[in-house]
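Encoded as structure tokens, the structure appears first; notes follow it.
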Amino acid sequence: MNTKKRGLSFYIKIYFKIIAQDIKSRMSYRADFIISTLGMIATNIVGFVAFWLMFSKFPSINGWGYYEMLFLYGFSLVAITPTQCLLDNNWNLRRYVYDGDFVKYCFRPINLFFYYESEVFDVKGFGQLFFGLGTICYAWYHLALPVNFVMILKLIVFLLSASLFMMAMQTAAAATCFWIENSFYILDLSLKLKDYAKYPITIYNPLFKFIFTFLLPVAFIAYYPSLVILRPDEVPLLSWLSPVIGGLFFYLSYKMWMRGASRYDGSGS
Amino acid sequence: MENMIELKDITKEFKVLNRREGLKGSFQDLFSRDYKIVRAVDHISLSVKPGEIVGFLGPNGAGKSTTIKMMTGVLEPTNGELLVNGRIPYKNRTQNSQEIGVVFGQRSQLWWALPLIESFKLLKDIYQIPQDEYDGMMELYAKLVNFDEILHKPVRQMSLGQRTLSDILAAFLHNPKVVFLDEPTIGLDVAMKSKIRELILELNKQKHTTVILTTHDMGDVDALCERIVIIDKGKMLYDNDIEHLRKFFGAYRTLKIRPREKMDVMVEDLTKELEMMDVRISHDDEWVFLLVNEEKTSVLKVLGLIQEKHKIKDMQLEEISTEDVIKKIYKEGI
Chain A
1 MNTKKRGLSF YIKIYFKIIA QDIKSRMSYR ADFIISTLGM IATNIVGFVA
51 FWLMFSKFPS INGWGYYEML FLYGFSLVAI TPTQCLLDNN WNLRRYVYDG
101 DFVKYCFRPI NLFFYYESEV FDVKGFGQLF FGLGTICYAW YHLALPVNFV
151 MILKLIVFLL SASLFMMAMQ TAAAATCFWI ENSFYILDLS LKLKDYAKYP
201 ITIYNPLFKF IFTFLLPVAF IAYYPSLVIL RPDEVPLLSW LSPVIGGLFF
251 YLSYKMWMRG ASRYDGSGS
Chain B
1 MENMIELKDI TKEFKVLNRR EGLKGSFQDL FSRDYKIVRA VDHISLSVKP
51 GEIVGFLGPN GAGKSTTIKM MTGVLEPTNG ELLVNGRIPY KNRTQNSQEI
101 GVVFGQRSQL WWALPLIESF KLLKDIYQIP QDEYDGMMEL YAKLVNFDEI
151 LHKPVRQMSL GQRTLSDILA AFLHNPKVVF LDEPTIGLDV AMKSKIRELI
201 LELNKQKHTT VILTTHDMGD VDALCERIVI IDKGKMLYDN DIEHLRKFFG
251 AYRTLKIRPR EKMDVMVEDL TKELEMMDVR ISHDDEWVFL LVNEEKTSVL
301 KVLGLIQEKH KIKDMQLEEI STEDVIKKIY KEGI
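So the sequences go chain by chain: A and B. Quick note on the working numbering: the first sequence kicks off at 1 and runs consecutively. Quick note on the working numbering: the second sequence kicks off at 1 and runs consecutively.
This is the structure we're talking about:
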């Protein structure tokens, strides 16, 4: 009997093959591709303009200056990119489950979550990535932050852990559809919440500070991880722990998704 | 290993919310929930040998799909023992998937936007099919179907028939031990139906693949299945070969009559005149069908009785059709 091994390298290879095909076929709808790219650029520009308008009125918020805020903004844009690129199919999950079409993903000899998410790769996320990175560099320069190996490493590690939080929130929100029929609002909420990520948590009142830290970890998408770079003298323990908590949180949301999928009974034969 | 599939006393129950009626009812449902247990599959036992083709028949909601979902590992049985290729499917879902192929009616499992050949290549990687086996399979496929028509066409541009064909080819690609087909010919035209049946039969023969299929189409049964299993309300009503079933009802003949009179008048009269004779009457636009049990009444006697009072344009005598047999079992049991 053949037991075939499927390790990490297998999954990475498969993933690149699938998204290469996906992107190729997506490009064949040229108008669709161009329009959605333009739309993405417009969304980011509008976001920028709103940000700039606000700051031309208030030069600083609660001790946070313009460039620091800009850094947070760029940081949050980059942190949500993996969610947008890799987990976009979560938006369709509710429909598949509701129609009973989800069953078609259940017969492959590979990880179900991986297989399901690999079906869609959102190229538009890259635009966001470049916007975000550009913003970070611009703010970095104006804040006169040192450029050295340790700082870059910190940036990468904490960007990754921040993105884990966003991925976890969205995955957990999407997974609710395995239990709740009308779960769209929960998923939508997770999208809306990310808008609160780009502000320092100190501007919120204590109740929301608590909620955004411990219940809906929005503050981990930009604020806590950025502190490591922006305010190296006053880094709270939570910031240092964010890679671990992020990993744990994502693992739990993945487990929740898989648990939901296993109780799925493919209604509507 | 003797049997490819082994079901012992399998039962599957679902917990269903008893919804109350009206607005007030749904408000009550929010607070107090009243569940009932629905038994979709009720103590089914079955064993299938390697290479067999078994047809699952039964009205909608009979429990066919639930049974298949348990065999593929999507659902866990509530009770009973279930082995597919020596494994418990829901416990080893990944490994089990490597050795089965599944086609679920109209739900294509192929990548919607990709040409078929690219889907095949991805499947080759996912199932880790060795290059020589893959090449062999492609060679075989090229002989069996008109490959040029579909190979470079994106799945979303295919007709339903081409899509079903592609899905079946994809399900056999990794040379699985068992292939499950849930209503493979649903919604297809006659020519495509027979094409698909030929393909399934040929693949079964060449690869010695066990095939489990559900269908409502008697054509599928006649063309493919040496053995049929009839399920109704979760219970197994019949499990044997089709010949046996026909023999069981062998005393039945269908007498077809084309009357000169108006159809509805004719049917009304006949119903009255043959009331005493245990004959089932049905009709279409042209023909009246009389299902006669020859152990009780002879067909000639019935015909004689009719000809005393009516003029007949044409008549035919037929063996009972598979369709009639199944209908009779659904309605009356064995």
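Where a beta carbon is used, it is the ideal one built from N, C-alpha and C, also for glycine.
Would you decide whether residue 77(A) is buried or exposed? Buried here means 16 or more other CB atoms lie within 10 Å of its CB. buried
Please report how far the alpha carbon of residue 26(B) lies from the alpha carbon of residue 181(A), in whole angstroms. The alpha-carbon atoms of residue 26(B) and residue 181(A) are separated by roughly 15 Å.
For residue 141(B) and chain A, any beta-carbon pair shorter than 8 Å? Not closer than 8 Å to any Cβ of chain A, the Cβ of residue 141(B) fails to qualify, so no.
Ignoring anything shorter than 4 residues or poking outside the region 71 to 147 of chain A, list the alpha helix (DSSP H) runs there in chain order. Fully enclosed alpha helix (DSSP H) runs of 4 or longer: 90 to 99, 112 to 118 and 125 to 142.
If you draw a straight line from the alpha carbon of residue 299(B) to that of residue 264(B), how long is it in whole angstroms? 22 Å
Residues in the same chain with beta-carbon distance under 6 Å from residue 169(A), minus the five sequence neighbours each way, listed in chain order, please. 190
Per DSSP, which one or two residues make a beta bridge with residue 31(B)? For residue 31(B), which the question treats as bridged, DSSP gives no partner whatsoever.
Can you list the residues of chain B that residue 106(A) reaches, using a CB-CB cut of under 7 Å? 74
Residues bridged to residue 315(B) [DSSP beta-bridge criterion]: 257(B)
Tell me the start and end of each unbroken beta strand (DSSP E) in the region 54 to 98 of chain B that is at least 3 residues and wholly inside, in chain order. 79 to 84
For residue 63(A), write down the residues that DSSP places opposite it in a beta bridge. Note: residue 63(A) is not bridge-paired with any residue in the DSSP secondary-structure output.
Does DSSP put residue 244(B) in a helix, a strand or coil? helix
Going along the region 9 to 35 of chain A in order, which residues come within less than 9 Å of chain B, judged by CB to CB distance? 10, 13, 14, 17, 18, 21, 22, 24, 25, 26, 28 and 29
Does residue 109(A) have its Cβ less than 8 Å from a Cβ in chain B? yes
Partner residues on chain B for residue 123(A), Cβ-Cβ distance less than 8 Å: Within chain B, no residue comes near residue 123(A); the closest Cβ sits about 13 Å away, beyond 8 Å.
Tell me the residue span of the beta strand (DSSP E) that contains residue 281(B). 279 to 283
My guess is that residue 221(B) and residue 46(B) are in contact by the Cβ rule of under 8 Å, so how many angstroms apart are they, rounded? That belief does not hold up - the Cβ atoms of residue 221(B) and residue 46(B) are roughly 17 Å apart, past 8 Å.
In three-state DSSP terms, what is residue 58(A)? coil
For the region 93 to 111 of chain B and the region 179 to 186 of chain B, state whether three or more C-beta atom pairs, one from each stretch, are separated by less than 8 Å. yes
Below 8 Å on the Cβ atoms is my guess for residue 161(A) versus residue 100(A); work out the distance and round it to an integer in Å. Contact between residue 161(A) and residue 100(A) is ruled out by a C-beta separation of about 37 Å, above the 8 Å threshold.
Cβ neighbours of residue 15(B) in the same chain (closer than 7 Å, five flanking residues each side left out): 35 and 37
Would you verify that the beta carbon of residue 120(A) is, or is not, closer than 8 Å to some beta carbon of chain B? no
Since residue 312(B) and residue 260(B) are thought to touch, with beta carbons under 8 Å apart, how far apart are those beta carbons, to the nearest angstrom? 7 Å
Answer with yes or no whether the minimum CB distance from residue 101(A) to chain B is below 8 Å. yes
Please classify residue 127(B) as buried or exposed, where buried requires at least 16 other C-beta atoms within 10 Å of its C-beta. Around the Cβ of residue 127(B), a 10 Å sphere holds 16 or more other Cβ atoms; the residue is buried.
Do residue 147(A) and the ligand MN come close, with the Cβ less than 7 Å from some heavy atom? For the ligand MN, the structure offers nothing, since it holds no ligand at all.
Rounded C-alpha distance that separates residue 27(A) from residue 33(A): Approximately 6 Å between the Cα atoms of the pair.
Of the residues 130(A), 113(A) and 216(A), which one's Cα is nearest the Cα of residue 347(A)? What is shown of chain A runs 1 to 269, which leaves residue 347(A) out entirely.
Once the 5 residues before and after residue 323(B) are set aside, which same chain residues still bring their CB inside 6 Å of it? 218
Are the region 123 to 142 of chain A and the region 77 to 87 of chain A touching, with three or more C-beta to C-beta distances below 8 Å? yes
Contact check, residue 168(B) vs residue 185(B), beta carbons under 8 Å: no
Which word fits residue 174(B), buried or exposed, when buried means at least 16 other C-beta atoms lie within 10 angstroms of its C-beta? buried
What in chain A is Cβ-close to residue 163(B), meaning under 8 Å? Per Cβ cutoff of 8 Å: no residues; residue 163(B) is ~13 Å from chain A at best.
Going by DSSP in three states, residue 101(B) sits in which element: helix, strand or coil? For residue 101(B), the three-state secondary structure derived from DSSP is strand.
If you reduce the DSSP assignment to three classes, tell me which class residue 44(A) lands in. helix
Cutting at 6 Å between CB atoms, please list the residues of its own chain near residue 68(A), excluding the five before and the five after it. 230
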